[in-house]
Amino acid sequence: MHNGSKKNNRYTKRAVLVVLLIALFVITLYLYLNLRPQISEPPLDYDYTQIEPVDSIYESIDDTVVVEKEETEEIEEQQEAKEQADQLPPKEKHTETISDRDSVETSCEDTTKTPVDSSVVEQEKVDPCESDTVVLMVHPEPSGGIHYGSVSVTLVANKPSTVKWRLAEEGSEWNVYDGSEIIIDESRTLVYKAEDECGELFAQRREFYEIKPEYYLTLCPSDMIYVTDGEKEFCIDRYAWPNREGVYPVSFVSYYEAMDSCYSAGKRLPTKEEWSLACSGPHQWAYPYGERYQSGLCPTEETRKRTSGSFSQCRGYFGTYDMSGGLAEWTSTRSTENRRFFYVMGGFWESANQSNCFDPRYSYFPQNRHNPVGFRCVQDVKKNDSKKGSRR
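Each residue of the sequence shown is one higher than the one before, starting from 173 at the first, in our numbering.
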């Protein structure tokens, strides 16, 4: 009985173990079926080729970044190479042409010769006349007025143009000016006009040249001009003190310093009337060159004083220079408005049309130095040298 009991117990244990294993398997199967992620299945006609693996997506992103970086570096290298090439002498570019896959032809091409698109060139052409803002001007050198013996005249234009001239008294046809000197050896009126390359016209102008015998040159020192009107006659400096062409006239000078300088040279300061006559000429022009103010003929619209004689058209009828603009000039005439002051004439480098031959100023203290004020001197003609009867 005892052995049979033990045998039954072994079978019972095995049965319980099998039951437990079966129960564990059932539980495990239940958990697997109910707790696993629910994945919806695609439709039957779904195209699986459209699905891109996750790894390939990241690879494409990396490739894009690399390509962009490479392109940026390539552009920078091209720009750097171009800048270096611009600084070097022109070189020839060598190219190779593959023909029939078995031969190589080498050719040299000059990179300095850049093909030009003719259509672009046509579009970029600009009419030079549309951008031309320079007003055509022509003037004779020297200008008209009194000259002695004869005078050689040239016509000067400020830009390319066709200049024509004739002598009014001869009634001659127009001559095309070729740059040669026009010799005037007796009193004549020179008439001139011009037209530039764009069709702009310079209106006809007239310049009268009065030719006097060379004898008059002996009446005054060589650096002075003979001035006469009726019974008045005197010599006056051609330029402002120190009376030399091409140098700056002296400014910042008091009346007393100017008077002493003239006296030291055997001369004197001019009166207001003498100064105006030398400036205006026998026709009593408002300006040395004529009755109306003209910009650019005299140093009247400048930022500083200019050298004597640098404005060739600022020549008075008698032959003085720079009596309009340049520097205002002392005279020996006392002001009627205030007897302690002396008249100053002519305006200075920025006086514009207020620099005529007749308007006086008396606001400069004679004992003080004034930056825009200078002077020129006069000298009397000796009576025994004038011989008026033989000169008239």
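Cβ atoms here follow ideal geometry from the backbone N, Cα and C, with glycine treated the same way.
Next item on the list: Take residue 226 and list the residues in its own chain whose beta-carbon comes closer than 6 Å to its own, dropping the five residues that flank it on each side.
Entry: The pLDDT assigned to residue 226 is 44, lower than 50, so where the model puts this residue is not dependable; a value taken from the coordinates is nonetheless given after this. Cβ within range, chain order: n/a, list empty.
*Boundaries of the beta strand (DSSP E) in which residue 373 is found, first to last residue*: 373-384
Please list the terminal residues of the continuous alpha helix (DSSP H) segment that includes residue 434.
427-436
(request) Count the other CB atoms, across all protein chains shown, that sit within 10 Å of the CB of residue 181; report buried if there are 16 or more and exposed otherwise. (result) exposed
**Study point:** Beta-ladder partner(s) of residue 324, from DSSP
**Key:** 355
Exercise. If we count Cβ pairs, one from each stretch, closer than 8 Å, do we get three or more for the region 300-308 versus the region 368-377?
Worked result: yes
- request: Measure from the alpha carbon of residue 513 to the alpha carbon of each residue in 444, 499, 462, then state which is nearest.
  value: 444
Roughly how many angstroms separate the alpha carbons of residue 386 and residue 350, rounded to a whole number?
Pairing residue 386 with residue 350, the inter-Cα distance amounts to about 29 Å.
What is the C-beta distance between residue 496 and residue 528, in whole angstroms, given that I count them as a contact (C-beta under 8 Å)? Contact flag correct, Cβ pair sits at about 7 Å.
Are the Cβ atoms of residue 451 and residue 488 separated by less than 8 Å?
yes
Give every residue of the same chain whose Cβ lies closer than 7 Å to the Cβ of residue 540, excluding the five residues on either side of it in the sequence, and list them in chain order. 426
CA-CA distance, residue 465 and residue 457? 10 Å
- Query: Along the chain, where does the beta strand (DSSP E) that runs through residue 365 open and close?
  - Reply: Note, residue 365: beta strand (DSSP E), 360-368.
Notebook entry, point to check: Anyone know if the C-beta pair for residue 533 and residue 412 falls short of 8 Å?
Noted result: The answer is no: Cβ separation not under 8 Å.
For residue 417, which option in 367, 379, 478 has the closest C-alpha, if you only look at C-alpha atoms?
478
field: Helix, strand or coil at residue 181 [DSSP, three-state]
entry: DSSP places residue 181 in helix when its eight states are reduced to three.
Practice task
Provide the residue span of the beta strand (DSSP E) that contains residue 333, from first to last.
Solution key: Unbroken beta strand (DSSP E) run through residue 333: 333-339.
- Message: Out of 337, 342, 368, which one is the CA nearest neighbour of residue 353?
- Response: The shortest C-alpha separation from residue 353 is found at 337.
- Query: If you compare alpha carbons, which of 439, 440, 449, 428 is closest to residue 402?
  - Reply: 449
- Over the uninterrupted beta strand (DSSP E) stretch that includes residue 568, give me the two end residues. Nothing in the structure corresponds to residue 568, since the chain is present only between 173 and 564.
In its own chain, which residues sit with a C-beta less than 6 Å from the C-beta of residue 392, not counting the 5 before and 5 after it? 398, 407
- Task: Tell me whether residue 347 sits in a helix, a strand or coil according to DSSP, three-state version.
- Result: In the structure shown, residue 347 sits in a strand (DSSP, three-state: E or B).
| said: With DSSP as the reference, identify every bridge partner of residue 517, one or two as the case may be. | reply: 501, 532
Of the listed residues 486, 195, 485, 520, nearest to residue 502 (C-alpha basis) = 520
- Task: Express the C-alpha separation of residue 365 and residue 409 in angstroms, rounding to a whole number.
- Result: So the alpha carbons of these two residues sit roughly 33 Å apart.
When you compare only the Cα positions, how much space is there between residue 355 and residue 323? Residue 355 and residue 323 have their C-alpha atoms some 6 Å from each other.
Please name the residue, chosen from 317, 189, 423, 330, that lies closest to residue 468 on a Cα-to-Cα basis. 330
**Report entry** Backbone CA spacing between residue 553 and residue 321 [nearest angstrom]
**Finding:** 21 Å
- Message: Restricting to Cα atoms, I'd like to know which of 377, 188, 545, 388 is closest to residue 335.
- Response: Taking residue 335 as reference, the option from 377, 188, 545, 388 with the minimal CA-CA separation is 377.
Requested in this report: Rounded to whole angstroms, what's the CA-CA distance from residue 233 to residue 204? Just pull it up for me.
Outcome: Residue placement at residue 233 is flagged as unreliable, the pLDDT there being 42, under the threshold of 50; the coordinate-derived value follows with that caveat. Between the C-alpha atoms of residue 233 and residue 204 there is a straight-line separation of about 38 Å.
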